[in-house]
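Residue numbers (the working numbering), protein chains in the order written: chain C, 8 to 220; chain Y, 186 to 604.
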């Protein structure tokens, strides 16, 4: 379970976002909708421990993540969180396998990679360089990297942002398939994909947008 | 971790090759500049250190030293062999070596001297000369003119090609020196008696030739009559010169410093003679070019500072080029210590390979330059490593790695989400 309490985040451009309290249940999927800049990606980054809130707490499985050091947050992220980034965050010159093998630097077990790639339909692309893959294939590689470590939480920032609706829908279906029994929080602008999620959260209402500091 | 570092390097092959080349060139120039300046300096001093006195006809000290030590330039002239005999009888003297020079074989200088002059030099083939008209040749001469044991050489008068050929007195090769990569490789050594005999015979030949020429120009019997007595007189004069010709210089190794001082003073009083201490003369030569040496050293320092700057900049640019990768790894959750380690391994490998290649290149350059410097009598030993060279290599290695740490530490302070 993830609990967001009284969280606010300040930005360099002297604006801030205040979040209402939100709770994400284990085994449920959440779709975060909202206008650009309303704080959807920032929330994912704070849950992942990449950004730290100025006030409030983020509790994951009863532990307050905001009190942890950056090293502890990094360790938690690599072990427990599968993060699918909007722009994939892959190294184009490396192969699919090499991009996923990066996790081995932190001794993450990736022994189930073939099964995951097969489930995502990109097993035959395993030794291809990422730069030679299509947008949809890249997205699947990013998903494979996020789920191969069997994380408890999956965060997906615009997982279909670079894809057409048909491919995006297929990706979301696969994401749902691989994230059963996990907490899935996905940011998307496409309301048509809402039917696949357990909950839809309108972030405009949660944050009320940015305010000047 | 090593596997990932290698893979990460493999995807940047071209860039890494350019980085390695830049570091190799910078480091090689630094190592080479220092090594050559040190070896040339010590080479001069070592070569000059064996004999403490060189006696020759009055003239230029430098010319005398360079001619006898490195076979460069022309001899100053000649002095009587009597001085050699005097010194041989002198109890203050350890070794006396006469030195003559005046002929050549296709440009290779012929030095008349005793076997003592070649003490310490190994023979690759054959034996040391013991008879007149026998010779021991330098390895380069043997190679250049395809000479082997038993080959005969017709020498010519003068130190350059094109002189009058001594066809009647060919030299026979009895020994070939091992390669020394010094001026010795380009020289032919023979007993002094060979040089004297060649010249006395040549003088007779010349006189006879002159007479024939005179006859052709209508010289009368009254003006110049050839008698048996004259012929006998020619022969006698020739024999005397063969037995006790003149020498260009005498190399002396005295028994003690006192002996050296006394001998220098005694022979120095003779106005016809020039007495030098080769070490002092060469030191003076080096001091005279001290300004040049200082300029070389200043250039070396500038090159090294530039090297440090260039290598640091290259490494930093390489690291900043990798900042997207680093940010990516941080976002996934890879710890900064692991990321640091990957890039330290990576730049350590680049630094290590560059340092080793720079060293190998410097040795190749040394070997290539060896031939040129050998003409000055200095061996550029490719195996010679100075502590400062190791220090230069260590600095190159450290500055290949250090900016990595600085850069990754700097990046670790940022959240990486915006990279």
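Positions of the beta carbon are idealized from the N, C-alpha and C atoms, including for glycine.
query: How is the alpha helix (DSSP H) around residue 515/Y delimited, first residue to last?
result: One-based indexing of the second chain puts residue 515/Y at position 330. Residues 508 to 517.
field: Secondary structure of residue 186/Y, DSSP reduced to three states
entry: For the purposes of this step, residue 186/Y is taken as the residue at position 1 of the second chain. Three-state result, residue 186/Y: coil.
task: My understanding is that residue 210/C touches residue 46/C, with C-beta atoms under 8 Å, so please give their C-beta distance in whole angstroms.
output: Start at 1 with the first residue of the first chain, and residue 210/C comes out as number 203. Start at 1 with the first residue of the first chain, and residue 46/C comes out as number 39. That pair is a contact at about 6 Å.
message: Can you confirm whether residue 18/C, when its beta carbon is compared against all beta carbons of chain Y, has any partner nearer than 8 Å?
response: Here residue 18/C corresponds to residue number 11 of the first chain, with the count starting at 1. Output row for residue 18/C: interface = no.
Selected residue, minimal CA-CA separation from residue 371/Y, among 287/Y, 297/Y, 325/Y and 191/Y: Walking along the second chain from the start, residue 371/Y turns up at place 186. Out of 287/Y, 297/Y, 325/Y and 191/Y, 325/Y has the C-alpha closest to the C-alpha of residue 371/Y.
message: Closer than 7 Å between beta carbons: that is the criterion. Which residues of the region 285 to 312 of chain Y meet it against chain C?
response: Within the region 285 to 312 of chain Y, no residue has a Cβ that lies closer than 7 Å to any Cβ of chain C.
- prompt: Between residue 551/Y and residue 540/Y, is the Cβ-Cβ spacing less than 8 Å?
  reply: As a working mapping, residue 551/Y is identified with position 366 in the second chain. As a working mapping, residue 540/Y is identified with position 355 in the second chain. Going by C-beta atoms, residue 551/Y is not nearer than 8 Å to residue 540/Y.
field: Where the beta strand (DSSP E) containing residue 279/Y begins and where it ends
entry: Here residue 279/Y refers to the residue found at position 94 when the second chain is read from its first residue. Taken as a continuous stretch (DSSP letters only), the beta strand (DSSP E) holding residue 279/Y covers 278 to 290.
- request: Give the DSSP-derived three-state secondary structure of residue 313/Y in the structure shown.
  value: Here the question's residue 313/Y lines up with position 128 in the second chain. In the structure shown, residue 313/Y sits in coil (DSSP, three-state: anything other than H, G, I, E or B).
- prompt: Sorted by chain position, which residues of the same chain lie with C-beta nearer than 7 Å to residue 223/Y's C-beta, five sequence neighbours on each side aside?
  reply: Here residue 223/Y corresponds to residue number 38 of the second chain, with the count starting at 1. Excluding positions up to five away in sequence, the list reads 571.
query: Alpha carbon to alpha carbon, how far is residue 397/Y from residue 280/Y?
result: Within the second chain, numbered from 1, the residue matching residue 397/Y stands at position 212. Within the second chain, numbered from 1, the residue matching residue 280/Y stands at position 95. Here residue 397/Y scores only 34 on pLDDT, less than 50, and its place in the model should not be relied on; the value that follows carries that caveat. Rounded to the nearest angstrom, the two C-alpha atoms are 46 Å apart.
Assigned secondary structure, residue 218/Y (DSSP; H/G/I helix, E/B strand, else coil): The residue given as residue 218/Y occupies position 33 in the second chain. Three-state DSSP puts residue 218/Y in a helix.
task: Assess, as a yes-or-no matter, whether the region 119 to 135 of chain C is touched by the region 95 to 110 of chain C under the definition of 3 or more beta carbon pairs within less than 8 Å.
output: yes
message: Please list, in chain order, the chain Y residues whose beta carbon lies closer than 7 Å to that of residue 84/C.
response: What you label residue 84/C is simply residue 77 of the first chain in a count that begins at 1. Those are 518, listed as they occur along chain Y.
field: Beta-carbon neighbours of residue 5/C, restricted to chain Y and to distances below 8 Å
entry: Coverage of chain C is limited to positions 8 through 220, which leaves residue 5/C absent and any answer about it impossible.
- request: Would you check if there are 3 or more beta carbon pairs closer than 8 Å linking the region 86 to 93 of chain C to the region 137 to 157 of chain C?
  value: yes
- request: In angstroms with no decimal places, state the Cα-to-Cα distance between residue 467/Y and residue 303/Y.
  value: Working through the second chain from its first residue, we reach residue 467/Y at position 282. Working through the second chain from its first residue, we reach residue 303/Y at position 118. Rounded to the nearest angstrom, the two C-alpha atoms are 21 Å apart.
- request: Identify each residue in the region 183 to 194 of chain C for which the Cβ-Cβ distance to at least one residue of chain Y is less than 8 Å, and report them in chain order.
  value: none
query: What's the gap between the Cα of residue 39/C and the Cα of residue 29/C?
result: Your numbering for residue 39/C matches position 32 in the first chain. Your numbering for residue 29/C matches position 22 in the first chain. Taking the straight line joining both Cα atoms gives about 12 Å.
field: Three-state secondary structure assigned by DSSP to residue 528/Y
entry: As a working note, residue 528/Y is residue 343 in the second chain. Residue 528/Y: helix per DSSP, three-state reduction.
- request: Spell out whether any CB of chain Y is found under 8 Å from the CB atom of residue 35/C.
  value: Position 28 of the first chain, counted from the first residue, corresponds to residue 35/C. So no, residue 35/C is outside the interface.
message: What would DSSP say about residue 545/Y, mapped onto helix, strand or coil?
response: For this step, residue 545/Y is matched to residue 360 along the second chain. Here residue 545/Y sits in helix by DSSP.
- prompt: Is it the case that the Cβ atoms of residue 524/Y and residue 511/Y are separated by a distance below 8 Å?
  reply: The count along the second chain starts at 1 and reaches residue 524/Y at position 339. The count along the second chain starts at 1 and reaches residue 511/Y at position 326. In contact: residue 524/Y and residue 511/Y (Cβ atoms closer than 8 Å).
query: Can you name the start and end residues of the alpha helix (DSSP H) that residue 78/C belongs to?
result: The residue labelled residue 78/C in the question sits at position 71 within the first chain. 77 to 87 is the extent of the alpha helix (DSSP H) around residue 78/C.
message: Just to confirm the assignment: which complete beta strand (DSSP E) runs, minimum length 3, are found wholly within the region 438 to 497 of chain Y?
response: 458 to 461
query: My guess is that residue 436/Y and residue 282/Y are in contact by the Cβ rule of under 8 Å, so how many angstroms apart are they, rounded?
result: For the purposes of this step, residue 436/Y is taken as residue 251 along the second chain, with counting starting at 1. For the purposes of this step, residue 282/Y is taken as residue 97 along the second chain, with counting starting at 1. The Cβ separation is near 4 Å, so the contact holds.
Beta-carbon contacts of residue 19/C that lie in its chain and below 7 Å, excluding the five residues immediately before and after: Translated into positions along the first chain, residue 19/C becomes position 12. There are no such residues.
task: Kindly indicate if chain Y contains any beta-carbon less than 8 Å away from that of residue 100/C.
output: Looking up residue 100/C in the first chain gives position 93. Cβ-Cβ to chain Y under 8 Å: yes for residue 100/C.
task: Answer yes or no: do residue 239/Y and residue 588/Y have a C-beta to C-beta separation smaller than 8 Å?
output: Here residue 239/Y refers to the residue found at position 54 when the second chain is read from its first residue. Here residue 588/Y refers to the residue found at position 403 when the second chain is read from its first residue. No, the pair does not count as a contact, with Cβ atoms beyond the cut-off.
- prompt: What does residue 66/C touch in chain Y if you count any residue whose Cβ is under 7 Å from its own?
  reply: Position 59 of the first chain, counted from the first residue, corresponds to residue 66/C. Neighbours of residue 66/C on chain Y: none; closest Cβ ~19 Å, over 7 Å.
field: Closest Cα partner of residue 15/C within the set 183/C, 73/C, 34/C and 31/C
entry: Within the first chain, residue 15/C is the residue found at index 8, counting from 1. Answer by Cα proximity: 73/C.
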